[in-house]
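Only one structure is covered here, and it is reproduced in the block below.
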Amino acid sequence: MEPIEEYWKFVESERHFNTIQTGIRNRASTWMLAAFAAIAVLIKTSKDTTWLVPSAVLVGLVSFMATIGLLVLWINDQLVYQRLLNSVFIIGLKWEYDNPKMPPIRTMMMCSAEGKGMSRLMTYYYTIPMVFFLGISIFVTILREHIGTSSKALTPVSSFWILVIICIVQAYLSIWVQRKKSKVTTQERAGYFGDEKFSAMFSGAKEGLHEFQKVIERYVPDTEGNKDKLERE
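Counting from 110, one number per residue, gives the positions in the sequence shown under the working numbering.
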């Protein structure tokens, strides 16, 4: 198989993982919209309506389950499939680094991401809604008397402590996801090649970004007219 053909096989593998991740993010969007709809229905419910569990606690529970759902989808998206994608991506990137005839597609992507990759930004797709749901839980905890605390199973004091626990757990999960985003980068995998110069490109410093730009500048398409230039290099 010609090197350029093998290169495009890598592109197909990347496309496969990207398609899977897009599906996961679509599910995350649907999950968020469903949670918002459920919360809106519960908040609009009359304060005098009696539930087995108070309306305020129900809103907190829906918000909590929305956070759990986003956490599971984030793990599936970033800790599983993003790592698989990075394993293919970094090999293609090293190939572009070693061979000036290869189209520097991934190198251009890294330049666009300031040499740090896009996965660190994708985490915000999950953490921003998680923080928003945390805000909803805090909101209903503060205004629980106005939303509804009538219940056949829980006293107002019990409802308050359940909501407090929900808020604490949501805050912890949101912080945990934000801290874990550093585990999804390509920097660690770049060191597996044993090429210190290549690995240094992923430090996020200006020098590393400059090295990515140099890879793009030396790109020479594999055509008859460019063979002499390649031989001189």
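For every residue, glycine included, the Cβ atom is placed at its ideal position computed from N, Cα and C. A quick note: this is a predicted structure, and the numbers were derived from the prediction, not measured.
Relative to the alpha-carbon of residue i, which residue among the options has its alpha-carbon at the smallest distance?
i	options	result
Phe173	Thr250, Lys306, Phe242	Phe242
Ala262	Ile325, Thr176, Leu167	Leu167
Ala144	Met239, Thr250, Pro213	Met239
Ile251	Glu121, Glu305, Trp270	Trp270
Arg124	Arg288, Asn135, Leu194	Leu194
Thr154	His255, Phe248, Asn135, Asp186	His255
Pro163	Gly317, Val329, Pro265	Pro265
Glu223	Val329, Phe126, Ser312	Ser312
His319	Asn127, Lys225, Ile247, Glu297	Lys225
Ile247	Val171, Asn185, Phe321, Arg288	Val171
Ile237	Ile275, Lys323, Ala280, Gly201	Ala280
Would you give the residue range spanned by the alpha helix (DSSP H) that residue i belongs to?
i	result
Ser228	228–251
Arg327	That residue, Arg327, is in no alpha helix (DSSP H); it is neither H nor E in DSSP.
Tyr281	265–289
Asp186	Where Asp186 is concerned, there is no enclosing alpha helix (DSSP H), given that its DSSP letter is neither H nor E.
Ser312	Here Ser312 belongs to no alpha helix (DSSP H), and DSSP marks it neither H nor E.
Asn195	191–207
Glu223	Taken as a continuous stretch (DSSP letters only), Glu223 belongs to no alpha helix (DSSP H), as it is neither H nor E.
Ala299	296–299
So, are the CB atoms of residue i and residue j less than 8 Å apart?
i	j	result
Ser268	Arg253	yes
Ser221	Thr294	no
Phe307	Lys203	yes
Thr176	Leu282	yes
Leu182	Ile133	yes
Ile277	Ile148	no
Tyr233	Ala137	no
Arg192	Glu205	no
Ala299	Ile199	yes
Ser122	Val197	yes
Val249	Ala165	yes
Met310	Gly317	yes
Met211	Tyr116	yes
Met218	Gln187	no
Ile325	Pro213	yes
Trp140	Gly169	no
Met209	Val286	In the sequence as presented, Met is not what sits at residue 209; that position holds Pro. Not a contact, by the Cβ cut-off of 8 Å.
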